[in-house]
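Under the UniProt record's numbering, the letters of the sequence shown match residues 1 to 216, in that order.
In this text, a Cβ means the ideal position worked out from N, Cα and C, and glycines have one as well.
In what follows, a structure is listed as structure tokens, so that the remarks can point back to it.
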Amino acid sequence: MPLFFHVNHPLLPGYVSGGTPAGVSQYEPDTLALAEAQRLTRSFSYKVRRGNAPQPIHGLFLMGSLGTLAQAEQSDMDVWVCHDSELEPEAIAELRRKCQALEAWAATMGAEAHFFLIDPQRFKRGDRDSQLSSDDCGTTQHYLLLDEFYRTAIWLAGRTPMWWLVPVYEEQNYEDYTHTLLSKRFIRASEVLDLGPMSHIPAGEFIGAGLWQVFF
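What follows is the structure in structure tokens.
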């Protein structure tokens, strides 16, 4: 899957146009990924990205029941596609069409997949798409969704979530601690994506989630 977001090839699943944002941070396909791509289309030939080629896809993550005790034969795949916050609306629209094409391709393979575009800066502010999750219960339950992500996310490719690097005893000092990590150069900004802290879930979110389960 990361390879589909790393390159634009007309014969690979999800292709929309040559202008669709492509390039996954910190990613280079291994021999297995390339072999699978060539199995899909024999004409595929991977070219290593040289220089400072754009890498607008900052991270790819599976989340939800997959990989947990709750996984079942009919479990769907929820994939978060975390992208550069500086992408223009036209580029985001292209990327959304790519995600829709990949969902359609997955359906032909007998799988149910949902791809959700995540702008890390907007998400951290609590400003997100109301269609973020197929099980979404509104735009207010930001922290419950973030909690689910941090509990269940499986890293596929890209940058490391900043939260993974914060000890539990520093959770209340998340902003200061992460600022220190960056300013002291323990990590580079290009290596991480910041979706925000998980120190407190407002009581109202639990109430809202409960009401949604009852009425929807």
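State whether the stretch 75-82 contacts the stretch 47-66, with contact taken as three or more CB pairs (one from each stretch) at a distance under 8 Å.
Inter-segment contact for the stretch 75-82 and the stretch 47-66 is present: three or more beta-carbon pairs are separated by less than 8 Å.
Do the CB positions of L12 and A35 come within less than 8 Å of each other?
no
I'd like to know whether the C-beta atoms of K98 and V24 end up nearer to each other than 8 Å.
no
When the Cα of D30 is compared with those of N52, P2 and G14, which residue comes out closest?
P2
Rounded straight-line distance, which links the Cα of I187 to that of D76:
34 Å
What residue range does the alpha helix (DSSP H) around A104 cover?
P89 to T108
Span of the alpha helix (DSSP H) holding L179?
The amino acid at residue 179 is misidentified as Leu; the sequence shows His. Here the alpha helix (DSSP H) through H179 covers Y174 to S183.
Top-ranked residue by Cα proximity to Q121, from G158, R159, S85 and F44
S85
Which first and last residues belong to the alpha helix (DSSP H) in which D84 is found?
That residue, D84, is in no alpha helix (DSSP H); it is neither H nor E in DSSP.
Can you tell me which of the three DSSP states D30 falls into?
coil
Per DSSP, cross-strand counterpart(s) of V79:
L62 and F115
CA nearest to the CA of H9, picked from R151, A157, Q172 and K47
K47
Between which two residues does the alpha helix (DSSP H) harbouring L11 extend?
No alpha helix (DSSP H) contains L11, which DSSP labels as neither H nor E.
Is the distance from the Cβ of E191 to the Cβ of Q74 below 8 Å?
No, these two residues do not count as a Cβ contact at 8 Å.
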